[in-house]
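**Q**
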Amino acid sequence: MLTEFPRPLASIVGEVIGDYYYNHQAIETVFYESGASGSAPEESCVHKVATWLVREGQADPGKSFEILGKVLEEFMDGDIARHCFDKETSIQRINSALEQYGLAYGFGGKIYGASISTPSRSLGDMLKELLISEINDEFDRAYKSVDTDPPSAVTAACAIVEAMCKSYIAEHALTLPTKQTIKDLWKVVAKHMKLSPERVEDEDLKRILSGLTSITDGVGSLRTHAGSAHGQAKRTYRLEPRHARLAVHSAHTLCLFAMETWQSERGNSRQRDRTETGSS
6 MLTEFPRPLA SIVGEVIGDY YYNHQAIETV FYESGASGSA PEESCVHKVA
56 TWLVREGQAD PGKSFEILGK VLEEFMDGDI ARHCFDKETS IQRINSALEQ
106 YGLAYGFGGK IYGASISTPS RSLGDMLKEL LISEINDEFD RAYKSVDTDP
156 PSAVTAACAI VEAMCKSYIA EHALTLPTKQ TIKDLWKVVA KHMKLSPERV
206 EDEDLKRILS GLTSITDGVG SLRTHAGSAH GQAKRTYRLE PRHARLAVHS
256 AHTLCLFAME TWQSERGNSR QRDRTETGSS
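Mapping the sequence shown onto my numbering, position 2 (from 1) lands on 7, and the numbers just tick up by one.
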């Protein structure tokens, strides 16, 4: 997760929220009601908000994002007109600032993405580099729904792996398996990438790669039994956010490793092309 509250994000929130309330007592009230601690910073309204968020992040990064969500709630969800300024533009500024850190605001003062930001941002950066929009769409759906809709997050986690596999298969002109399940798709990709456990001599790596195969089996089964794609009636137990977060983390780990391998393949291919061109 993020290890501190980003100062650029705090600055933008400070400018928007400081201008929205434009009253020290109102700002202090909303911060304390949101769970903030300590004495209020003795600064302007704008800097009071920014400094307080950064300070809370230094003490407890996770809590600081919970506070941020509650501080933003009235502004983002309410319809109170406090000042004559362009609220729609200000909301867009907040959303854009959050997006830069893999975060998103959700109705009711929720900040999505803060709890899975490390793997999601790494995967997100890789997705942008490989320009795979289908996976990026599922990636966004997964991390935004972990807390509010765990079954949907599990379904998205499975779809992330499936989309990555299908993109790889298409680029390399491989034959799609007869059953296009997450497990069967991964078998095709793992074999071509030479990631199948039976093709690796090192015992330690073999154990880890066997774990990747188990991830596809587990995430696929969880989607079948509890995911949103199969309806409420087929669930065998209550899926909680922690279960969905485990599935999303697992899918991200598998995809990130596979896509780094994919990217390495592309680099090796370009190097071979340059070598062949230079020797011809």
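Don't be surprised by glycine CBs; every beta carbon is placed ideally from N, CA and C. Note that the coordinates shown come from a computational prediction; the quantities given were computed from them, not determined experimentally.
Looking at Ile165: is its Cβ nearer than 8 Å to the Cβ of Ala256?
**A** Yes.
**Q** Do the CB positions of Leu77 and Tyr110 come within less than 8 Å of each other?
**A** Their beta carbons are under 8 Å apart, which means Leu77 touches Tyr110 by this criterion.
**Q** Give the range of the alpha helix (DSSP H) segment to which Tyr303 is assigned.
**A** No information on residue 303 is available, as it lies outside the stretch 6 to 285 that the chain covers here.
**Q** Just reading off the beta strand (DSSP E) that Tyr173 is part of, what are its end residues?
**A** Note, Tyr173: premise wrong, no beta strand (DSSP E); alpha helix (DSSP H) at 155-176.
**Q** Between the Cα of Asp152 and those of Phe112, Cys170, Lys171, Glu33, spot the shortest distance and give me the residue it belongs to.
**A** Nearest of Phe112, Cys170, Lys171, Glu33 to Asp152, Cα basis: Phe112.
**Q** Mind checking Ile99: buried by the 16 CB within 10 Å criterion, or exposed?
**A** Buried.
**Q** Rounded to the nearest angstrom, what separates Thr144 and Val253 at their Cα positions?
**A** For clarity, residue 144 is Phe in the given sequence; the question names Thr instead. Rounded to the nearest angstrom, the two C-alpha atoms are 9 Å apart.
**Q** Could you give the distance in angstroms between the alpha-carbon of Phe10 and the alpha-carbon of Phe70?
**A** Cα to Cα, the separation comes out at about 8 Å.
**Q** In the DSSP assignment, what residue or residues form a beta bridge with Gly111?
**A** Partner(s): Lys115.
**Q** Buried or exposed, going by whether 16 or more other CB atoms sit within 10 Å of the CB of Glu208?
**A** Glu208 should be labelled exposed.
**Q** So the candidates are Arg12, Leu210, Gly67, Lys68; which of them puts its Cα closest to the Cα of Val54?
**A** If we check each option's Cα against that of Val54, Arg12 comes out closest.
**Q** Can you check whether the CB of Ile220 is closer than 8 Å to the CB of Leu179?
**A** Contact: no.
**Q** What residue range is occupied by the uninterrupted alpha helix (DSSP H) comprising Tyr37?
**A** Where Tyr37 is concerned, the enclosing alpha helix (DSSP H) stretches over 29-38.
**Q** Can you tell me which of the three DSSP states Gly83 falls into?
**A** Correct three-state label for Gly83: coil.
**Q** Leaving aside the five residues before and after Lys149 along the sequence, list all residues of the same chain whose C-beta is less than 6 Å from its C-beta, in chain order.
**A** Within the same chain, Lys149 has close Cβ partners Ala109, Tyr117.
**Q** I'd like the list of long-range same chain contacts for His177, defined as Cβ closer than 7 Å, with 5 residues on each side in sequence excluded.
**A** His197, listed in sequence order.
**Q** Given a cut-off of 8 Å on the beta-carbon distance, is the pair Ile72 and Ser95 in contact?
**A** Going by C-beta atoms, Ile72 is not nearer than 8 Å to Ser95.
**Q** Out of Arg146, Ala168, Ala15, Gly19, which has the shortest C-alpha to C-alpha gap to Gln185?
**A** Of Arg146, Ala168, Ala15, Gly19, the residue nearest in Cα terms is Ala168.
**Q** Classify Lys199 as helix, strand or coil using the three-state DSSP reduction.
**A** Here Lys199 sits in coil by DSSP.
**Q** From what residue to what residue does the alpha helix (DSSP H) around Ser101 run?
**A** Start and end: 92-104.
**Q** Could you spell out where the alpha helix (DSSP H) holding Thr8 opens and where it closes?
**A** Where Thr8 is concerned, there is no enclosing alpha helix (DSSP H), given that its DSSP letter is neither H nor E.
**Q** Just to confirm before moving on: does the CB-CB distance between Gly23 and Val51 stay below 8 Å?
**A** Result yes, Cβ atoms of Gly23 and Val51 sit closer than 8 Å.
**Q** Expressed to the nearest angstrom, what Euclidean distance is found between the alpha-carbon atoms of Gly216 and Ser101?
**A** Taking the straight line from one Cα to the other gives about 37 Å.
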